[in-house]
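Chains as they are written, first to last, in the numbering used here: chain A, 1 to 387; chain B, 388 to 986.
C-beta: ideal position from N, C-alpha, C; glycine also.
Heads up, the thing below is written out as structure tokens.
What follows is the structure, encoded as structure tokens:
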């Protein structure tokens, strides 16, 4: 019998925790440091790769993703050395996807060629906004012009290029966003990520919001209107909304992220990285040391940056499976849910949600409808109410 | 050996809440060395957590103080500390019957308040000698002359001998003790007559069973005596006799004029009737007049948030009722809230105290439904029904008319707030009966429906007068009025726990206020929800809660799964705490908050 993760495959996530500046909306595990001993870091990543690979050596790797932080601050050689170690430790699928998140500044764009040579075949650029005042408010260090120049270089350099935008910004109207979105769609290749601005606690925006000083955020209704308009305009250009905030032409979806959403296995290395690994019939949630220096010294001293490895119960796996899977337009298999949990979601709950037009159930596949998309959290609360 | 009658003084303390009654009691106890300094804690007599926390006295408490007076003689002073709040007025009234005099404590920075008045009249009713005490003289705002004059004007007693005291610094405490000896009468009684004792109070102790507080009128009570309760003729062998210092101290016998406790293997507080007369078995004495038993006047439903805790709630309520005969309960089923209890209380404070104790001492989270009073329903066939719960309102075609309980409310307020107080009373269907002035303070007397007072009247009064008004009330009987049952429908389904009785003329206004409140209290759902108030089949107010439009996490990748899962678990737990009506989840606080009136 095959393990559940094999429905989605296996990927590797590498977290580079450093940034040139901390953006006010960002709650990721990222830090600004003056001096980084890159060679020392690369040695630590390689030790972690070897450690994880010793537990998963028989697997075929589908994807590698450099996230952060700002991995485009790494030198080409560092990325090359890490990918070389990855290649030594796992077999790859023929179409392995190797993505690196990059900031669109001229300095970072100058390294694109080197990244490609090292094996990176996809970049995801943090363009975030297409007007300079908003970029400033979002704490970004690049201008629109710089961003577009980097995008040009990326498109020429890599097989696949995607970029990120943040919308529902302060003082942004539906009309403003629509104009900006049309420009973005003209620039876009076959993949685009668009996130509604979320105010997270313990961020600069979060603090300002708590103090009542973050003004001009759109209302829930305005956000919903922008969300639906985004879906429509993307669909017109043939970009399918394959996930809540991600749009792609058929076949151009992020294979790495699909592993998460389809609830596959992934190894997470680097400070504060999470993983899901099925070993000996148990699915484990792994976590590494959060602080960069703490992680580095742990790896050097103990040969492992891991600080937690807990076996997930059937019910927890079921929750994660739905939580991730229902974000995808393709939906989830209820059979797979039953196999995971040994129980079924209440048919009457599904029926109620269907009547409200929130979900569809066909041939054992449960999908959240377009109408239900912006209400997934509420739908999940209902579906999991008795679990 | 019991003490000679001439060397006994029995007294209570009459005061408004916060005027320093418990602190004064503490000082008297400390000054006489009844409690060693190292054992001293504030509000010594208030033993319940809730009493200490809220700074109130709920149960009457007793302490026996040995005092050597300036004349060199030893006296026994028995203090019964009584509750100040109107809800516990019955405790005050019976405690007063057990003593001969009272200290009338008035805060010299504040003056006479409504509660002072109510309690002082009870003391006068019980033929008490009164010693006025002007407390808090250490504060700069203290105004002895003005307050003494007020005591004479408002209460009508001589305040020339009033003792200036600071319970805080201890100033005047000695003088107070002397005044008790000199001005309060010694009890009378006959040590050789057959035993005659008054059952002042009783409560349950986990180790000793029921403890009975008694005041000996005639005769002597000893350990091993067989005693008889006159009301029901039951006989119990006394296994322990003692006094409070304020800890229990066992003694050999109690004589006439003395106050103390006995235990006699009595299982339930309900087996003892407060005000009963106690004598020896096979002896006949004339019964004491007895007290009027306390009647619950405010009712509400208590339901466990978690339905699985119903049996725990039953257990908690039964245990509390063992110790509080004034609290009544019966099982109630609500379509909305499941199984629970309809409980009767002496007033809102009593309700809050019991609810707090269940939540705190028994660790059961509760949903409390809107408080209601007892309506008298006169049916067409001449029968009279008592309605404790609006949900039980019979078919209107069978009803001839309804009567509701009314109260006489006395409010003392600085005249600058008088206008607001009058408006509040008018808004609550009050009829003004009296309006007089004592200096710059007005005293208003209103005839009000209890129904309009039980809920948030006191909160509103405090808020419109910035806390300067004081309030007291007494029940005056039933009167007919045009009352109707107002139902609330959420998503077209009636929610029984939100039904209320309202006056016909106010129904629309109340209905509108309630549906507006509910619109804010109920979270948005995936569909729009009509919220309606109706009388019979007629909708009198309606609001629509619009559908939720956005609730989705923008970013959710591999590193977010753990956090989002935890968040979802938390939200699920929150949803579990709500009550489901059809497809709508209603948060528990809505059942009370929806009824609060802002105006």
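| Check | Outcome |
| --- | --- |
| Alpha carbon to alpha carbon, what distance is there between residue 411 of chain B and residue 801 of chain B? | 27 Å |
| Starting from residue 851 of chain B, trace the alpha helix (DSSP H) both ways and give me its first and last residue. | 844-851 |
| Quick one: Cα of residue 860 of chain B to Cα of residue 930 of chain B, how far? | 37 Å |
| Per DSSP, which residues does residue 578 of chain B bridge with? Please list them. | According to DSSP, residue 578 of chain B bridges with nothing at all. |
| Could you please tell me which residues of the region 902-917 of chain B, in chain order, have their CB closer than 9 Å to any CB of chain A? | 911, 912, 913, 914 |
| Indicate whether at least one CB of chain A lies closer than 8 Å to the CB of residue 860 of chain B. | no |
| Given a threshold of 16 other Cβ atoms within 10 Å of its Cβ, counted over all protein chains shown, does residue 663 of chain B qualify as buried or as exposed? | buried |
| Does chain B have any CB closer than 8 Å to the CB of residue 374 of chain A? | yes |
| If you measure between the beta carbons of residue 630 of chain B and residue 608 of chain B, is that distance less than 8 Å? | no |
| Using a Cβ cut-off of 8 Å (strictly closer), state whether residue 31 of chain A contacts chain B. | no |
| Give a yes or no on whether 8 Å exceeds the smallest Cβ distance from residue 951 of chain B to chain E. | Here the protein chains are A and B, and chain E is not one of them. |
| In angstroms, rounded to a whole number, what distance separates the CA positions of residue 633 of chain B and residue 449 of chain B? | 7 Å |
| Just verifying my parser: in three-state terms, what is the DSSP assignment at residue 753 of chain B? | strand |
| Check the C-beta distance from residue 792 of chain B over to residue 684 of chain B and give it rounded, since I have them as a contact under 8 Å. | 7 Å |
| Tell me which residue opens and which closes the beta strand (DSSP E) that residue 226 of chain A is part of. | Residue 226 of chain A -> not in any beta strand (DSSP E); alpha helix (DSSP H) instead, spanning 220-236. |
| With burial defined as no fewer than 16 other Cβ atoms inside 10 Å of the residue's Cβ, what is the status of residue 520 of chain B: buried or exposed? | buried |
| Looking at the secondary structure, which residues open and close the beta strand (DSSP E) in which residue 687 of chain B lies? | 685-691 |
| Which two residues bound the contiguous beta strand (DSSP E) that contains residue 292 of chain A? | That residue, residue 292 of chain A, is in no beta strand (DSSP E); its alpha helix (DSSP H) goes 292-302. |
| For residue 319 of chain A, go through chain B and note every residue whose CB falls closer than 8 Å to its CB, in chain order. | 952, 955, 956 |
| Taking only beta-carbon positions, decide if residue 940 of chain B is within less than 8 Å of chain A. | yes |
| Taking residue 227 of chain A as the query, report the chain B residues whose CB atoms sit under 7 Å from its CB, ordered along the chain. | 937 |
| Does residue 86 of chain A get closer than 8 Å to chain B when you measure Cβ to Cβ? | no |
| Residue 206 of chain A lies in the beta strand (DSSP E); which residues open and close that run? | Per DSSP, residue 206 of chain A belongs to no beta strand (DSSP E); it is in the alpha helix (DSSP H), 204-210. |
| Apart from the five residues just before and just after residue 986 of chain B, which ones in its own chain have a Cβ nearer than 6 Å to its Cβ? | Model confidence at residue 986 of chain B stands at a pLDDT of 42, short of 50, so the residue's coordinates are unreliable and nothing is read from them. |
| Give the range of the beta strand (DSSP E) segment to which residue 494 of chain B is assigned. | 488-494 |
| For a test of the three-state rule: what should DSSP assign to residue 632 of chain B, helix, strand or coil? | coil |
| Can you list, in chain order, the residues of the region 40-62 of chain A whose Cβ is nearer than 7 Å to any Cβ on chain B? | none |
| At a CB distance below 7 Å, what residues from the region 189-203 of chain A approach chain B? Give them in sequence order. | 195, 196, 198 |
| Given a cut-off of 8 Å on the beta-carbon distance, is the pair residue 920 of chain B and residue 873 of chain B in contact? | yes |
| Would residue 544 of chain B and residue 563 of chain B qualify as a contact pair, given that the criterion is a beta-carbon distance under 8 Å? | no |
| List, in order along the chain, the chain B residues whose C-beta lies closer than 9 Å to that of residue 4 of chain A? | The contacting residues do not exist; residue 4 of chain A stays about 14 Å from chain B at best. |
| Counting C-beta neighbours from all protein chains within 10 Å, is the total for residue 612 of chain B 16 or more, i.e. buried, or is it exposed? | buried |
| I'd like to know if residue 960 of chain B contacts chain A, where contact means its C-beta is closer than 8 Å to some C-beta of that chain. | no |
| To which residues of the same chain is residue 774 of chain B closer than 6 Å at the C-beta, ignoring the five residues directly before and after it? | 762, 764 |
| At 9 Å on the CB atoms, spell out the chain B contacts of residue 221 of chain A, in chain order. | 933, 936, 937 |
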